[in-house]
Each structure stands twice: as C-alpha cells, then as structure tokens.
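Undergrad: Residues in the sequence shown are numbered from 597 upward in steps of one, following the numbering used here.
Got a structure for you, written out below as structure tokens; questions coming shortly.
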Amino acid sequence: MPTPPPTGPLVTRDTLATQLRALGVEPGETLLMHSSLSSLGWVCGGAVAVVQGLFDTLGPDGTLVVPTQTGSLSDPALWANPPVPEAWWDTIRATMPAFDPLVTPSRGVGVIPETVRTWPGALRSAHPQTSFAAVGPRAAEIIEGHAPDCRLGEHSPLARLETLHARVLLLGAGYDACTSFHLAEYRIPAPRVKVGRPGPAGWEVVTEVSIDSDRFDELGHDFERDRPVVRGQVGAADVRLFPVAEAVAYAERWLAVHRSREEEV
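Now the structure itself:
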C-alpha cells in the first residue's frame with residue numbers, strides 16, 4: 597500500500613520562531629524545555645529546525661536547557677519495558693559501559709533533546725542517570741557541579757535554573773515530563789532508596805531520594821488552575837510556559853499534602 601500523505605500543519609524554522617515569540621518567549625532568557633517532535637505536525641527539517649527556531653527566538657544571549665536522561669544505566673533487576681532474564685543480571689552489571697557525557701546517548705526524552713545534546717557548543721552535566729544539556733552563555737553555570745548522588749535536587753541543574761529565574765517550556769509535552777516538580781520532592785520528607793548503576797570503577801550503589809512522577813499530570817492540572825501559566829500552540833502542539841521557581845514552590849506544597857494523605861490511607 598502507498599504511504600499516506602503527512603498530516604499538517606506544515607511547520608518550518610521561521611513559523612516555529614514566530615509562534616514562540618507570540619507565545620512570549622523572550623530573547624536572552626533561559627528555557628528548560630520538554631518536548632515532543634511528533635506533536636508539532638510535519639516539521640520541515642525535523643528536530644534540527646526546531647532547535648534552530650528556538651535559538652532564533654532566544655538570540656545569542658539566551659540559553660536552552662533540556663533533559664538528557666539515561667535511565668537505561670540502571671539495575672537490570674528493575675527493568676520492565678522489557679525485562680531481561682535474571683540469569684543475565686550479573687553479566688549486565690559487570691559489563692555495562694559507564695556514563696560518558698560526550699558519547700552516552702539520552703534515552704526516553706525524545707529526538708529534540710538528543711539534537712541539543714550533540715549541538716556545537718553544548719555542555720552536559722555529569723550525573724550518570726539524570727543529566728541535562730545546555731547551549732548558551734549560561735550553560736556552564738547551569739550544568740557544572742551536578743552531584744553524583746543528587747539526581748534532581750539541590751545539587752542539580754534544576755536548583756540553578758530556579759535561581760536564574762528560568763522558565764519551563766512544555767512544547768507538546770505534558771506535565772508528567774516536568775522535571776522541575778522533582779526538585780520539590782527533595783524539599784519535603786521523602787524516603788530514600790538504593791540506586792544501582794555502572795560507575796568508573798565498576799558497578800556502584802548510591803543512596804538517593806525516592807522520586808515519583810506518577811501524579812504529575814494531576815499536580816500540573818492544579819498548578820495551571822491556581823497559577824498564571826501561558827498557554828498556546830506551536831504548530832499542532834499544545835504549549836505551556838511558566839517559571840521554574842513557581843512550579844517548584846507550588847509542587848512543594850501540593851506534594852506535602854497529597855503524599856501525606858497517601859501515607860494515611
């Protein structure tokens with residue numbers, strides 16, 4: 597059967613930049629972006645055109661930050677999509693390559709973040725599972741010092757983005773992808789868990805704050821109801837734009853209430 601024609605709208609680098617400006621993205625600002633390329637429509641030039649359109653909007657003084665997570669660098673005993681035989685676990689732990697910021701590809705965050713990760717001048721934080729990549733004048737300030745035992749907390753790029761008054765851009769992505777909410781988890785009582793991963797000297801286990809995004813869609817709905825969130829469209833994608841600091845502050849209060857209720861049930 598012949599391949600059906602693509603569905604629109606047709607999105608170009610220029611139309612993307614125009615729509616982002618209309619939404620309120622400003623030259624010189626710092627954006628933490630979560631994105632879905634497929635949600636935009638038919639993009640001429642794909643992820644490269646999207647990133648170019650973002651840089652056209654931010655200008656030379658703006659900084660773009662994306663998550664470049666590598667959840668596959670984890671204990672195979674916890675894998676579910678798909679699982680692997682238990683007989684393989686020890687071999688996987690012994691032979692899995694350690695994280696290398698320059699060559700380890702991101703996984704599960706989409707093609708746009710991977711395009712940013714490999715962009716000329718991109719810098720990447722050093723956490724082996726929850727790294728971020730950044731391009732722009734503030735990139736080094738944001739990504740340096742990402743502690744190996746702090747996935748998304750006070751010693752991660754999220755805390756620096758909060759301090760720098762960065763905004764979150766959800767470009768076709770939902771609140772379930774909003775990593776800023778995780779920073780709030782480090783500011784409320786939370787259980788700690790053992791996290792296994794490959795390290796420079798072999799398999800290592802660190803103790804970390806337990807993080808959980810299962811109710812982030814519900815949290816995002818309430819946040820958008822109670823706080824000013826810029827809403828619009830770019831191409832066919834629904835877009836949200838809001839300050840990191842406001843998202844973290846709201847999530848801290850929301851999670852403290854709702855998770856305490858879960859514990860009481």
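Yeah, the Cβ is synthetic: ideal placement off N, Cα and C, and Gly gets one too.
The structure presented is a predicted model; accordingly, all values stated were derived computationally and were not measured.
#1: Is the CB-CB distance between Leu837 and Tyr771 below 8 Å?
#2: What residue does the beta strand (DSSP E) around Pro663 start on, and which one ends it?
#3: Taking Ala845 and Ser635 to be in contact with their CB atoms under 8 Å, please state how far apart those CB atoms are, rounded to whole angstroms.
#4: According to DSSP, which residues form a beta bridge with Leu766?
#5: Can you tell me where the alpha helix (DSSP H) with Phe812 in it begins and where it stops?
#6: Run through the DSSP bridge pairs and tell me what Gln829 is partnered with.
#7: Which partner residues of Val805 appear in the DSSP bridge assignment?
#8: Leaving out the 5 sequence neighbours to the left and right, which residues in its chain are closer than 7 Å to Trp850 when beta-carbon positions are compared?
#9: At a threshold of 7 Å, does Pro598 count as lining the ligand ADP (C-beta to nearest heavy atom)?
#10: Hey, out of Thr653, Ile688, Leu766 and Glu682, whose CA is closest to Val705's CA?
#11: Taking the alpha-carbon positions, what's the Gln648 to Pro656 distance?
#12: Counting C-beta neighbours from all protein chains within 10 Å, is the total for Glu758 16 or more, i.e. buried, or is it exposed?
#13: Buried or exposed for Cys640, please, with buried defined as at least 16 other CB atoms from any protein chain shown within 10 angstroms of its CB.
#14: Tell me, please, whether the stretch 742-757 touches the stretch 775-787 by the rule of three or more beta-carbon pairs shorter than 8 Å.
#15: Relative to the C-alpha of Val764, which residue among Thr611, Val840, Asp671 and Thr599 is closest?
#16: Excluding the 5 residues flanking Val607 on each side, which residues of the same chain have their C-beta closer than 6 Å to its C-beta?
#17: Note the first and the last residue of the continuous alpha helix (DSSP H) segment covering Phe651.
#18: Starting from Ala729, follow the alpha helix (DSSP H) in both directions and report where the run begins and ends.
#19: How many whole angstroms separate the CB atoms of Val802 and Asp745, which I take to be in contact at a CB cut-off of 8 Å?
#20: On a Cα-Cα basis, can you pick out the residue from Pro672, Asn677, Pro697 and Pro679 that is closest to Arg689?
#21: Let me check one thing: in DSSP terms, what residues is Thr666 bridge-paired to?
TA: Taking the definition as stated:
#1: Start at 1 with the first residue of the sequence shown, and residue 837 comes out as number 241. Start at 1 with the first residue of the sequence shown, and residue 771 comes out as number 175. No, the pair does not count as a contact, with Cβ atoms beyond the cut-off.
#2: Within the sequence shown, residue 663 is the residue found at index 67, counting from 1. Per DSSP, Pro663 belongs to the beta strand (DSSP E) from Thr659 to Pro663.
#3: Here residue 845 refers to the residue found at position 249 when the sequence shown is read from its first residue. Here residue 635 refers to the residue found at position 39 when the sequence shown is read from its first residue. So it is not a contact: roughly 28 Å between Cβ atoms.
#4: As a first step, residue 766 must be located in the sequence shown, where it is residue number 170. Leu766 is bridged to His630 and Arg836.
#5: By one-based count along the sequence shown, residue 812 stands at place 216. First-last of the alpha helix (DSSP H) with Phe812: Phe812 to Asp822.
#6: By 1-based counting over the sequence shown, the position of residue 829 is 233. Under DSSP, the beta-bridge partners assigned to Gln829 are Asp834.
#7: What you label residue 805 is simply residue 209 of the sequence shown in a count that begins at 1. Paired residue(s): Arg788.
#8: The residue you call residue 850 lines up with position 254 of the sequence shown. The residues are Leu815 and Asp818.
#9: This structure simply doesn't include the ligand ADP, nor any ligand for that matter.
#10: Counting from 1 along the sequence shown, the entry for residue 705 is found at position 109. Checking every option, the nearest Cα to that of Val705 belongs to Leu766.
#11: The residue labelled residue 648 in the question sits at position 52 within the sequence shown. The residue labelled residue 656 in the question sits at position 60 within the sequence shown. Taking the straight line from one Cα to the other gives about 12 Å.
#12: On the sequence shown, residue 758 is found 162 positions in, with the first residue counted as 1. Label assigned to Glu758: buried.
#13: Residue 640 sits at position 44 when you count from the first residue of the sequence shown. So Cys640 ends up on the exposed side.
#14: Yes: at least three Cβ pairs fall under 8 Å.
#15: As a first step, residue 764 is located in the sequence shown; it is residue number 168 there, counting from the start. Of Thr611, Val840, Asp671 and Thr599, the residue nearest in Cα terms is Val840.
#16: As a first step, residue 607 is located in the sequence shown; it is residue number 11 there, counting from the start. So the qualifying residues of the chain are Leu636, Gly637, Val639 and Gly831.
#17: The residue given as residue 651 occupies position 55 in the sequence shown. Looking at the DSSP string, the run of the alpha helix (DSSP H) that includes Phe651 is Gly642 to Leu654.
#18: To locate residue 729, count along the sequence shown from 1; it is residue 133. From DSSP, Ala729 is part of no alpha helix (DSSP H) but of the beta strand (DSSP E) over Phe728 to Val731.
#19: For the purposes of this step, residue 802 is identified with residue 206 of the sequence shown, where counting begins at 1. For the purposes of this step, residue 745 is identified with residue 149 of the sequence shown, where counting begins at 1. Indeed they touch by this definition, with Cβ atoms about 5 Å apart.
#20: Looking up residue 689 in the sequence shown gives position 93. Nearest C-alpha to Arg689: Pro672.
#21: The residue labelled residue 666 in the question sits at position 70 within the sequence shown. Arg703.
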